[in-house]
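One structure is given here, and the rest of the page talks about it.
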Amino acid sequence: MTSLRLQNLKKRFGSTEVIRGVDLAIEDGEFVVFVGPSGCGKSTLLRMISGLEDITEGELYIGDRLINDVQAAQRGVAMVFQSYALYPHLTVKQNMGFGLKVRKVPAEEAERRVMEAAASLKLEALLHRYPRELSGGQRQRVAIGRAIVGHPQVFLFDEPLSNLDAELRVHMRAEIAALHKKLGNTMVYVTHDQIEAMTLADKIVVLRDGVIEQVGTPRELYERPDNLFVAQFIGSPRMNVLLAASVERQLATRGLKIGSAHGIGMRPEHLSVVDAGAGILRGTVMISEYTGAATLLHIELESGETVLVIHNGQNTPRIDDAIGLAIDPENLHFFDGKGEAIRPLQRAA
Amino acid sequence: MADTLTNHVSARGLRAPRFSLRQREAIEAWLFVSPTVVGFLLFFLGPLVAVVYFSLTEWNLLTQQSTFVGIDNYVDALSRNPDFWHVLRNSFVFALGLVPLNMSLALMLALALSRPFRGVVFFRTIFFAPVVTSAVAWAIVWKFLLQGEAGAVNQLLAVVGIDGPNWLREPDWAMVAVIVTRVIKMVGLNMILYIAALQAIPRDYEAAARLEGASNWQIFRMVIWPLLAPTTLVIFVITMIGSFKVFDHIYLMTGGGPENGTLVLAFYIYEQGFKFFNVGYASALAMIMFVIVLALTVVQMILRRRDMQ
Ligand SMILES: Nc1ncnc2c1ncn2[C@@H]1O[C@H](COP(=O)(O)OP(=O)(O)O)[C@@H](O)[C@H]1O
Ligand SMILES: [Mg+2]
Chain A
1 MTSLRLQNLK KRFGSTEVIR GVDLAIEDGE FVVFVGPSGC GKSTLLRMIS GLEDITEGEL
61 YIGDRLINDV QAAQRGVAMV FQSYALYPHL TVKQNMGFGL KVRKVPAEEA ERRVMEAAAS
121 LKLEALLHRY PRELSGGQRQ RVAIGRAIVG HPQVFLFDEP LSNLDAELRV HMRAEIAALH
181 KKLGNTMVYV THDQIEAMTL ADKIVVLRDG VIEQVGTPRE LYERPDNLFV AQFIGSPRMN
241 VLLAASVERQ LATRGLKIGS AHGIGMRPEH LSVVDAGAGI LRGTVMISEY TGAATLLHIE
301 LESGETVLVI HNGQNTPRID DAIGLAIDPE NLHFFDGKGE AIRPLQRAA
Chain B
350 MADTLTNHVS ARGLRAPRFS LRQREAIEAW LFVSPTVVGF LLFFLGPLVA VVYFSLTEWN
410 LLTQQSTFVG IDNYVDALSR NPDFWHVLRN SFVFALGLVP LNMSLALMLA LALSRPFRGV
470 VFFRTIFFAP VVTSAVAWAI VWKFLLQGEA GAVNQLLAVV GIDGPNWLRE PDWAMVAVIV
530 TRVIKMVGLN MILYIAALQA IPRDYEAAAR LEGASNWQIF RMVIWPLLAP TTLVIFVITM
590 IGSFKVFDHI YLMTGGGPEN GTLVLAFYIY EQGFKFFNVG YASALAMIMF VIVLALTVVQ
650 MILRRRDMQ
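In the order they appear, the protein sequences are chains A and B.
Once you know that position 241 of the first sequence is 241 in this note's numbering, the rest is easy, because the numbers rise by one and skip nothing.
Once you know that position 128 of the second sequence is 477 in this note's numbering, the rest is easy, because the numbers rise by one and skip nothing.
Take a look at the structure:
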């Protein structure tokens with residue numbers, strides 16, 4: 001059983017509190033992604049799980065075992081670092097076998113385990129190279145191989161793909177997903193890239209300033225964000241948020257009440273261009289960015305606010321055209337004055 | 350704007366330039382390096398050639414008489430004059446005592462002081478301060494502290510019941526004393542070099558090893574020490590060379606004594622040249638020292654190159 005349980009975890013560096021009370025349950029075999037802007041405490045939280053940072057307050061369980069005071073090496077976790085942390089003076093094989101050597105695993109068994117991991121990651125041909133003789137993607141694979149060799153119960157990844165170019169990142173992302181499928185281990189993965197989070201995660205944990213903003217499946221976070229921060233962090237380009245007051249009248253004509261809402265959110269991909277006067281919004285095309293598959297329109301509304309629209313269809317409007325924008329009411333998000341989501345269901349009740 | 354540009358270009362194009370682009374670049378390059386080249390010729394190559402020439406003559410500074418004697422001075426040093434081998438032995442004893450002591454102390458200090466903690470700058474400063482202290486003041490103060498009965502060092506030792514020797518009056522102890530006081534003076538420099546090297550090692554290296562179960566000793570042995578190898582090599586060579594060239598320290602603390610117990614090569618050269626005015630002989634000795642230091646440097650370069658591969 002390698003579930004993880006974080007109970008009111010806190011971390012202070014001196015007097016600054018970096019992790020401010022995190023509660024989280026991670027199921028056995030789950031792929032959990034911590035996502036959030038740079039500096040929000042993702043790495044710190046991951047390092048607290050690994051044992052590289054000690055826990056200021058709260059409790060951390062792996063399985064049923066309280067491990068606050070268990071040494072990093074005894075926790076059964078392996079970590080893949082953003083920098084890969086491969087030793088430049090050791091070959092690929094020696095790097096992968098480092099942990100086994102340190103733990104005095106018999107040479108034969110160590111050899112077998114390294115070869116096994118190398119085979120599964122297609123690294124056999126590279127075993128006698130030094131890290132400097134490898135490409136970024138190969139280094140990445142060696143770092144993963146090094147983690148696999150120790151047969152950990154839990155894998156921890158700290159932004160493992162952020163040093164790779166875009167194309168390789170997509171490729172390695174798929175490899176990591178495949179690895180998870182094959183091994184079935186519990187994995188905790190840190191990234192600031194919401195696309196990575198969406199594509200890899202069974203469960204996403206959105207962090208901000210050391211606290212959890214929301215936990216949920218990628219679909220839940222996208223469709224029902226709990227607050228403005230999550231709404232705008234997940235999804236690209238980010239969700240448009242308009243002052244409720246400026247669209248109150250238009251919504252009312254369609255029988256929608258804004259109630260106590262202060263802000264109304266609409267994702268660029270949910271807005272569609274209609275004739276001026278139709279739809280719920282009216283504005284002028286300011287900028288039109290053609291990207292091939294779609295066109296990204298910057299529309300200035302009558303209220304002076306700007307919204308982004310992803311336009312897929314034909315009949316792309318021209319710059320300075322007056323247009324209307326329509327949206328399925330189901331895709332509207334309502335937020336109160338504090339940025340908390342107001343759920344349509346709750347309003348109905 | 351466009352007009353002036355074309356005018357400019359065509360005006361240039363009409364007159365053939367005095368120098369081709371390549372020539373101009375070469376001239377500029379030489380102008381840039383000339384200060385260094387002049388300095389090198391004037392202060393290094395010139396004196397070197399002069400010393401080579403002097404070493405082949407018998408030249409007495411007092412009488413200003415110079416006669417060409419070929420390799421006589423070298424033969425003198427290497428086979429006829431027993432002093433030379435004694436002095437060379439002293440130089441090696443000094444180096445072999447100083448270098449390991451200096452380097453191990455520097456490494457230990459660096460390991461202790463490479464990570465930030467409250468007061469770390471204070472400690473780094475304490476250990477580095479002697480490096481920038483006047484060598485003269487340093488030697489004189491230590492000479493004072495190391496006096497027989499009355500010296501502070503022996504009085505301190507007496508507190509813990511040790512009857513200290515008369516440090517600077519006994520040949521072996523004098524050597525120990527100059528080595529130790531020299532190490533204390535210079536260790537800060539190597540410490541700083543080691544600190545810089547340690548700080549250049551990514552913190553993830555240690556974290557990864559620790560996560561895989563490595564002990565502090567294993568981390569040092571298998572990760573830190575190998576990664577320090579290039580720095581260790583550089584420190585080894587500069588410390589070795591520095592210890593062969595030690596002069597002021599000896600001059601001020603022991604004057605080469607007692608019983609020539611601390612008479613090292615650089616000081617011996619000085620004595621021969623400026624005390625006994627045997628400029629030819631001193632020059633030959635200087636050439637021998639130059640060759641020793643050069644050999645050490647070449648060895649270092651070869652080792653470094655091998656290390657790179
Ligand atoms: N060892 C440390 N000492 C002091 N502050 C730290 C330390 N490590 C991280 N921090 C601070 O904690 C915050 C969170 O850092 P980190 O967990 O690395 O963020 P993230 O990985 O989300 O970008 C940052 O403000 C950072 O400056
Ligand atoms: Mg981070």
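Built from N, CA and C at the ideal position, the CB exists for glycine as well.
Computed from a predicted model, the values in this text were never measured in an experiment.
- Annotation: Cβ neighbours of residue 87/A in chain B (cutoff 7 Å, chain order): 554 and 572.
- Look at residue 419/B: its C-beta is not under 8 Å from any C-beta on chain A.
- Here residue 203/A is bridged, per DSSP, to 32/A.
- In this structure, residue 158/A has its CB closer than 7 Å to one or more heavy atoms of ligand 2.
- Interface with chain B (8 Å Cβ-Cβ cutoff): residue 123/A is excluded.
- In the structure shown, residue 256/A falls within a coil segment according to DSSP collapsed to helix, strand and coil.
- With the criterion CB distance below 5 Å from any heavy atom of ligand 1, the matching residues run 13/A, 18/A, 38/A, 39/A, 40/A, 41/A, 42/A, 43/A and 44/A along the chain.
- Judged by beta-carbon spacing, residue 126/A lies beyond the 8 Å limit of residue 55/A, meaning their Cβ atoms are not closer than that value.
- Looking at the backbone, the Cα of residue 95/A and that of residue 568/B are separated by about 13 Å.
- Proximity of the beta carbon of residue 188/A to ligand 2 is not indicated: no heavy atom of the ligand is located closer than 7 Å.
- With at least 16 other beta carbons inside 10 angstroms of its own, residue 214/A counts as buried.
- Going by beta carbons, residue 34/A and residue 190/A fall inside the 8 Å limit.
- Separation of the CB atoms of residue 517/B and residue 602/B is rounded to 6 Å, and the pair is thereby assigned contact status at 8 Å.
- Per the DSSP secondary-structure output, residue 582/B pairs with nothing in a beta bridge.
- For residue 629/B, the three-state secondary structure derived from DSSP is helix.
- In the DSSP annotation of this structure, the continuous segment of the beta strand (DSSP E) that includes residue 286/A starts and ends at 281 to 290.
- The segment 64 to 145 of chain A contains, as complete alpha helix (DSSP H) runs of 4+ residues, the segments 92 to 102 and 107 to 120 (chain order).
- Under the 8 Å criterion on CB atoms, residue 233/A is classed as non-interfacial with respect to chain B.
- Judged by their CB atoms, residue 523/B and residue 449/B are not nearer to each other than the 8 Å cut-off.
- With a contact defined as Cβ atoms closer than 8 Å, residue 229/A and residue 339/A qualify at about 7 Å.
- For residue 331/A against residue 266/A, the beta-carbon gap comes to about 7 Å, under 8 Å, which counts as contact.
- Among the residues of chain B, those whose CB is under 9 Å from the CB of residue 73/A are 559, 560, 561, 562 and 563, following chain order.
- Residue 534/B: member of the alpha helix (DSSP H) spanning 520 to 548, first to last residue.
- When CB distances to chain B are screened at a threshold of 9 Å, the residues of the segment 47 to 62 of chain A falling below it are 47, 50, 51 and 52, in chain order.
- Assignment of alpha helix (DSSP H) within the segment 391 to 471 of chain B, counting only whole runs of 4 or more residues, yields 395 to 404, 421 to 424 and 431 to 462 in chain order.
- At a Cβ-Cβ threshold of 8 Å, residue 637/B and residue 426/B count as neighbours.
- Within chain B, 557, 558, 561, 563, 571 and 572 have C-beta atoms less than 9 Å from the C-beta of residue 98/A, given in sequence order.
- Residue-level contact check: residue 576/B touches chain A, since one or more beta carbons of chain A fall below 8 Å from its beta carbon.
- Of the candidates 160/A, 192/A and 342/A, 160/A places its Cα closest to the Cα of residue 140/A.
- For residue 78/A, at least one C-beta of chain B is nearer than 8 Å to its own C-beta.
- Here the segment 573 to 593 of chain B makes contact with the segment 542 to 556 of chain B; the two share three or more CB pairs at distances below 8 Å.
- Interface with chain A (8 Å Cβ-Cβ cutoff): residue 465/B is excluded.
- Here residue 264/A carries a strand assignment [DSSP, helix/strand/coil].
- The beta carbon of residue 473/B lies closer than 6 Å to those of 462 in the same chain, with the five residues before and after it left out.
- Where residue 382/B is concerned, the enclosing alpha helix (DSSP H) starts and stops at 370 to 389.
- Between residue 394/B and residue 643/B, the alpha-carbon positions lie close to 14 Å from each other.
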